[in-house]
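Numbering (our numbering), first residue to last: 179 to 490.
(1) Could you have a look at residue 423 and say whether DSSP puts it in helix, strand or coil?
(2) Start and end of the beta strand (DSSP E) containing residue 230?
(3) To which residues does DSSP link residue 353 through a beta bridge?
(4) On a CA-only basis, which of 215, 394, 265, 210 is nearest residue 329? Give me that one, please.
(5) Tell me which same chain residues have a C-beta within less than 8 Å of the C-beta of residue 423, skipping the five on either side of it?
(6) Any contact between the segment 397-412 and the segment 370-385? By contact I mean 3 or more CB pairs, one from each, below 8 Å.
(7) Thinking residue 536 and residue 223 are a contact (beta carbons under 8 Å), I'd like their distance in whole angstroms, please.
(8) Locate the beta strand (DSSP E) running through residue 287, then write down its first and last residues.
(9) For residue 243 and residue 332, which I take to be in contact (beta-carbon distance under 8 Å), what is that distance rounded to the nearest angstrom?
(10) Between residue 257 and residue 279, what straight-line distance do the alpha-carbon atoms span, to the nearest angstrom?
(11) Counting only the same chain and skipping the five closest in sequence on each side, list residues whose C-beta sits under 8 Å from that of residue 266.
(12) Can the beta-carbon of residue 463 be found less than 8 Å from the beta-carbon of residue 432?
(13) How long is the line joining the alpha carbons of residue 251 and residue 339, rounded to whole angstroms?
(14) Can you tell me which of 327, 356, 487, 367 puts its alpha carbon nearest to the alpha carbon of residue 349?
(15) Any beta carbon from chain B within less than 8 Å of residue 260's own beta carbon?
(16) Shortest alpha-carbon distance to residue 221 belongs to which of 397, 426, 435?
(17) Which value, in whole angstroms, describes the spacing of the CA atoms of residue 298 and residue 289?
(18) In the segment 344-405, which residue ranges form an unbroken beta strand (DSSP E) of at least 3 residues, counting only runs that do not cross its ends?
(19) When the Cα of residue 310 is compared with those of 295, 369, 269, 411, which residue comes out closest?
(20) So, under 8 Å CB-CB, residue 391 and residue 457 are touching, yes? Tell me the CB distance rounded to an integer number of Å.
(21) Going by DSSP, what residue range makes up the beta strand (DSSP E) through residue 448?
(22) Assuming residue 205 contacts residue 343 (C-beta within less than 8 Å), just tell me the rounded distance between them.
(23) According to DSSP, residue 431 sits in a beta bridge with which residue or residues?
(24) How should residue 263 be labelled, buried or exposed, when 16 other C-beta atoms within 10 angstroms of its C-beta is the threshold for buried?
(25) Should residue 412 and residue 427 be called a contact, given that it needs their Cβ atoms to be closer than 8 Å?
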C-alpha cells in the first residue's frame with residue numbers, strides 16, 4: 179500500500195469592496211404667492227391673514243423637512259415694510275395664537291419653523307399655512323409700503339442633520355391711502371369715531387352765553403376743515419322767514435379764533451399737518467350768543483356742517 183502525503187491549502191480571499199454607498203435623496207420645493215394686504219389705519223383690530231403655500235416633492239425618497247423665514251429688510255425680527263423713511267410694522271407667526279414668531283434657521287427653535295414629513299410615493303403637494311399680522315392704529319403717511327422676506331426649505335430636522343433644498347423670496351406690499359376721521363365730542367373727551375355730532379342747547383337765550391365742544395381730527399395726511407351754516411351764522415326762529423327780529427347772531431370760534439360763517443358756501447376754518455396722533459388733533463369750538471334784544475319769542479336753531487378732507 180502506498181501512502182502519499184498530501185497537503186491541501188485553502189486560500190480564502192476576502193475582498194473588501196469600497197465605494198460610495200447610495201444615499202437617500204429627497205428633492206423639495208416651495209410654491210408661494212406674494213402678499214398684498216389691505217390695511218385700514220383706523221380699524222380697532224390688527225389686520226390678520228392666513229397665508230397658504232405648498233411644499234412640493236420634486237423627486238426622491240421620503241424625508242422630514244422644515245421651512246424658515248428671514249427677517250426681510252429689518253435687522254431684527256421686528257419686521258417692517260418701508261415707504262421711503264416711513265415704516266409699517268408686521269409680523270409672521272406659526273399659528274393664529276400669535277405667540278411663535280417664524281425665524282431663520284440660525285435663530286429658530288422648533289416652534290419657530292414650520293415642519294412636516296413627505297412620503298416617497300407622494301405626488302401631491304403638502305399644504306402649509308402661516309399667519310401675517312399687521313398691528314392696528316399705525317398712522318403712517320400714505321404710500322406703498324414694501325418688504326421682501328425669504329422662505330427656505332431644509333431637508334432633515336432643525337435639531338438634527340439638515341441641508342437646504344431651495345429658497346424663494348416673498349414680496350409683501352401694502353398700499354396706504356390718505357385717510358381721515360372727525361369726532362365731535364364733549365369737552366375733554368377722548369376720540370370716538372362714532373361720535374360725529376354735537377347739539378348745543380342754550381335753553382333760554384341770553385346775550386353772551388357760551389357753549390362749546392371739541393373737534394378732533396385724526397389723519398395720516400395733511401387736512402382741511404370747512405364749515406357751512408344753514409342760516410349764515412345766525413340762529414333763526416323755527417318756521418319763520420329770516421327777518422331782523424326772527425334771527426339772533428352768534429359768533430363761532432375755532433381754537434379761540436372767530437370764524438366768519440355769513441356766506442352761503444362752506445368756508446375753510448382750519449388746516450393741519452399729518453400724520454396726527456392716534457387721539458387726533460384737538461380743535462376746540464366755542465359758540466357765543468349775540469344780542470337778543472327785540473327778538474320774537476320762540477325756538478331758534480341753526481345747523482352747521484363741519485367737513486374734513488385730506489389735502490395730500
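Positions of the beta carbon are idealized from the N, C-alpha and C atoms, including for glycine.
As the structure is a computational prediction, the values presented were derived from the model and not from experiment.
This is what the structure holds:
(1) helix
(2) 225-238
(3) 322
(4) 210
(5) Only residues of its own chain outside the window of five on either side were considered, and among them 472, 473, 474 have a CB closer than 8 Å to the CB of residue 423, listed in chain order.
(6) no
(7) Residue numbering for the chain in the displayed model covers 179 to 490; residue 536 lies beyond these limits and cannot be assessed.
(8) Counting along the chain, residue 287 falls outside any beta strand (DSSP E), and DSSP gives it neither H nor E.
(9) Their Cβ separation, rounded to whole angstroms, is 6 Å, which keeps residue 243 and residue 332 in contact under 8 Å.
(10) 10 Å
(11) 217, 258, 259, 260, 312, 316, 318, 323, 352, 354
(12) In this structure, residue 432 lies closer than 8 Å to residue 463 by Cβ.
(13) 29 Å
(14) For the set 327, 356, 487, 367, the Cα lying nearest the Cα of residue 349 is the one of 327.
(15) Of the chains in the structure shown, none is chain B; there is only one protein chain.
(16) Nearest of 397, 426, 435 to residue 221, Cα basis: 397.
(17) 26 Å
(18) 358-363, 388-397
(19) 269
(20) Rounded, the Cβ-Cβ distance is 16 Å, inconsistent with contact.
(21) 445-450
(22) 6 Å
(23) 436, 464
(24) The residue is exposed, with fewer than 16 neighbouring Cβ atoms inside 10 Å.
(25) For residue 412 and residue 427, yes; Cβs fall inside 8 Å.
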